[in-house]
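**Student:** Submitted below is the structure of interest, expressed as C-alpha cells.
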Amino acid sequence: MGNAMKLTSKTRLIALSALLGTTLAGLAGVASAAPTIIVDLYFDLNAPPGSCVHRDQWLGFTYSYFCTLNGVQGEFEGETEYGMVYPSGTLWHFKGNSCQPGVGFRVICHD
0 MGNAMKLTSK TRLIALSALL GTTLAGLAGV ASAAPTIIVD LYFDLNAPPG SCVHRDQWLG
60 FTYSYFCTLN GVQGEFEGET EYGMVYPSGT LWHFKGNSCQ PGVGFRVICH D
C-alpha cells in the first residue's frame with residue numbers, strides 16, 4: 000500500500016497548480032479594480048548536489064498589500080522541498096527549502 004499512497008512529483012505539481020488556480024480565481028472576484036503588483040520575486044532554491052538551500056525573507060507589511068505564492072517549478076521529493084507565503088504579525092514572509100536541483104518559487108504581492 001505504501002507505493003499506492005505515494006504521489007509522483009508531477010501529480011503533486013498538478014494538484015498544487017489546481018489548488019493555486021482555484022485560490023486565485025476565488026480572489027479575483029474580491030476586488031472591483033485590477034490589483035497593482037507591488038512585489039514580484041523569484042526565489043531560486045536550486046540546490047547543488049549533496050546540499051540544501053533555505054530562504055526566509057520578509058516581503059512587506061500585511062496592512063499595505065496581500066502576498067501569494069504564484070508559481071512553482073522543479074522536482075519535489077519528500078518533505079525537504081517546500082515554499083510558503085504567510086503573514087506573521089504585521090509582516091508577510093516567504094519561507095522555502097530545497098535539497099533538489101531546479102526548485103524555485105514565484106511570489107507576487109499586490110494592493
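Heads up, the sequence shown is in numbering that gives the first Met the number 0, so the first residue is 0 and it goes up one at a time. Just so it is clear, CB atoms sit at the ideal spot from N, CA and C, and this is done for glycine as well. From a predicted model like this one, the values you see are computed outputs, not experimental measurements.
Can you tell me whether DSSP reads T79 as helix, strand or coil?
**Tutor:** Three-state result, T79: helix.
**Student:** Expressed to the nearest angstrom, what Euclidean distance is found between the alpha-carbon atoms of S50 and K94?
**Tutor:** Roughly 17 Å separates the two Cα atoms.
**Student:** Please classify A14 as buried or exposed, where buried requires at least 16 neighbouring CB atoms within 10 angstroms.
**Tutor:** Model confidence at A14 stands at a pLDDT of 47, short of 50, so the residue's coordinates are unreliable and nothing is read from them.
**Student:** Within its chain, find whatever has a CB closer than 7 Å to the CB of T61; leave out the 5 residues flanking it on each side and keep chain order.
**Tutor:** P86, T89, L90, W91.
**Student:** From the DSSP output, read off the bridge partner residues of G103.
**Tutor:** Paired residues: D43, Q72.
**Student:** What's the gap between the Cα of F75 and the Cα of D39?
**Tutor:** Each residue's Cα considered, the two are about 23 Å apart.
**Student:** Give me the residue from S63, G77, V71 with the minimum Cα distance to P34.
**Tutor:** Comparing Cα-Cα distances from P34 to each of S63, G77, V71, the minimum goes to S63.
**Student:** Tell me whether S97 sits in a helix, a strand or coil according to DSSP, three-state version.
**Tutor:** S97 falls in the strand class under three-state DSSP.
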